[in-house]
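Notes to accompany the following structure.
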Amino acid sequence: MTAAGSATRLRKQLGRREFTALLALSMALSALGIDLMLPAFPAMRRDLGLAANSTAVAGLVTAYFLGLALGQLGYGPLADRYGRRATLYLGYGVYAVGALAATLSPTLPLLLASRFVWGLGAAGPRVVTLAVIRDTFEGEQMSRAMSFIMAVFIVVPVFAPTLGAAVAAAVSWRWLFAGCAFAAVVMGVWAVRLPETLRPEHRRPLRFGSVLRGARVVVSDRRTVGYTLAMASLYGVFASYLGGAEIIFGDTFGQAANFPLLFGGLAAVMGAAMLANARMVGRVGTRQLTHGVLIGYAAAALALFIVSLATGGRPPLAVFIAMMAMLLSLQALLIPNFNTIAMAPMGRLAGTASSVVGAVQLSAGAVLGAVLDRAFDGTVLPLSVGAMIYAGVALGLVLWAEGGRLFRPLQTTPVPNEEAGAAVAAQA
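Per the numbering used here, the very first residue in the sequence shown carries number 203; after that it's consecutive.
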């Protein structure tokens, strides 16, 4: 069955809107595990016996990201062996267990460990969503589908901080974690309606040698490696922003009371950019749009650094928000398109490929983001320096992946690694 045939079957069983909503909200579970708790950081510092300005709670974001990253290495091969649906259910289950453990954790070390397990669970829906999209769509259609799903996904960061602040103020931040566990159970019930998209002939035995050979095919493709590492660099900026946004807006700008509104507003800008991406890809082309936006991102990061340097790391709030809105909206355009270009050569290795790509992106991004968070000095200068450096690295990696030639159309047929993927499957 071709990707077009899979798309037709999905529309008949679920309908396009329900299909998009199911996959988007499955991915949104990972965002819910972060954005819901950000406004509760002050209460968490108090309850865990930390200083009021401690950045140790940012480790809860890093631990979650590391679990989310490393978990993907296991879910990809599982999705290629047992199918997308079974792997999705496993992810929901681990997610719920991790969230419940975090709810009951009395100390920061136990909370960090629970957050890591929670992240391991969140990796399942992420891997399966990317694999289902690759099973179902190709080329520009895949990029547009990814954009729609990411746009729905971004609704969570818009409203989650406000909800999190309200719940933490009314009862306790621990109820936020319990709510996430309940959300995973609800998604598990809904996912029963999702059909299996992995064709029987593409199922691969779960053997270490087979997984290793599949991963070798993934890392041997220059385009996949280049765009994966470039996205990892940009994720470093985003991870630092997520971990430090509460203390930047609260301490640097004195806007603790308005943090949910400011954070949600910037998330809304990202969502609007992702919606716009779905239309622009069809008109401009994935590669052409991506390369132009990446150059713009590097320029915006440089501008943020210059302004931060000129103001001693404390630019006017309105200026900082405007520049972050520009940076985040451009990153929102890059996320689905980088993933599309990285996944395009993988063909029937979609499950393994999505796990390797996601693991590298998020683990490297978590480490790079933690470096910037530890450098926090009460100003936005560390964030701006990191954004400038990481953007330059990303641009260099894309130039390497493209052999120094940008703005070429995205070629999806024939799929370069399809024969290699078939060979790996045959050897398994």
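Ideal Cβ placement from N, Cα and C applies to all residues, glycine included.
Keep in mind that this is a model prediction, so the values were computed, not measured.
Item, Value
"Tell me where the alpha helix (DSSP H) around Q533 begins and ends.", "519 to 545"
"Report the three-state DSSP secondary structure of S374 (helix, strand or coil).", "coil"
"Mind pulling the alpha helix (DSSP H) runs of 4 or more residues that sit fully within the stretch 413 to 501?", "424 to 449, 461 to 486"
"So is A368 buried or exposed if we call it buried at 16+ other beta carbons inside 10 Å?", "exposed"
"Leaving out the 5 sequence neighbours to the left and right, which residues in its chain are closer than 6 Å to F455 when beta-carbon positions are compared?", "L519"
"If I'm right that L536 touches L468 with Cβ under 8 Å, what's the distance once you round it to whole angstroms?", "Contact doesn't hold; Cβ gap of about 16 Å is too wide."
"Would you mind stating whether Y277 and V387 have Cβ atoms separated by less than 9 Å?", "no"
"In three-state terms, what does DSSP make of F350?", "helix"
"Any chance the stretch 403 to 415 sits against the stretch 311 to 329, with 3 or more Cβ pairs inside 8 Å?", "no"
"Could you check if A524 is buried or exposed, using at least 16 other CB atoms within 10 Å of its CB as the buried criterion?", "exposed"
"Quick check: the stretch 441 to 454 against the stretch 231 to 251, are there 3 or more CB pairs under 8 Å?", "yes"
"Find out if the Cβ-Cβ distance for the pair Q343, L436 is shorter than 9 Å.", "no"
"Given that a residue counts as buried once 16 or more other Cβ atoms are within 10 Å of its Cβ, and exposed if not, what is V559?", "buried"
"Under 9 Å between the Cβ atoms of Y429 and I543?", "yes"
"Pairs of beta-carbons, one from the stretch 283 to 298 and one from the stretch 358 to 374, closer than 8 Å: are there three or more?", "no"
"Rounding to the nearest angstrom, what Cα-Cα distance links L608 and Q274 in this structure?", "30 Å"
"So, helix, strand or coil for M203, using DSSP?", "Reliability fails at M203, whose pLDDT of 48 lies under 50, so the model's placement of it is uncertain and no value is given."
"Mapping DSSP to helix, strand and coil, what is P402?", "helix"
"To which residues of the same chain is A503 closer than 7 Å at the C-beta, ignoring the five residues directly before and after it?", "L529, A589, M590, A593"
"Would you mind working out which of M246, V299, V439 sits nearest A500, comparing C-alpha positions?", "V439"
"Who are the Cβ neighbours of A480 in its own chain at under 6 Å, not counting the five residues just before and after it?", "R346, S349, F350"
"Where does T331 sit, in a helix, a strand or coil, going by DSSP?", "helix"
"Please tell me whether A434 and L250 are closer than 9 Å, where the distance is taken between their beta carbons.", "no"
"Could you please give the first and the last residue of the uninterrupted alpha helix (DSSP H) stretch that includes D237?", "218 to 237"
"Can you grab the Cα-Cα spacing for the pair A596 / L314, in whole Å?", "30 Å"
"Does DSSP put L240 in a helix, a strand or coil?", "helix"
"Decide yes or no for the touch test of the stretch 222 to 229 against the stretch 296 to 312: beta carbon pairs closer than 8 Å, at least 3 of them.", "no"
"By the three-class DSSP mapping on this structure, what secondary structure does V299 have?", "helix"
"Select from A475, V360, R425 the residue whose C-alpha is nearest the C-alpha of L601.", "R425"
"What residues in its chain sit with their C-beta under 6 Å from that of T305, if we drop five residues either side in the sequence?", "R376, F379, A380"
"Tell me which residues share the same chain as L234 and place their Cβ nearer than 7 Å to its Cβ, disregarding the 5 neighbours each side in the sequence.", "V358, A362, C382, A385"
"Identify whether T554 lies in helix, strand or coil by the three-state DSSP scheme.", "helix"
"At which residues does the alpha helix (DSSP H) containing R283 begin and terminate?", "260 to 284"
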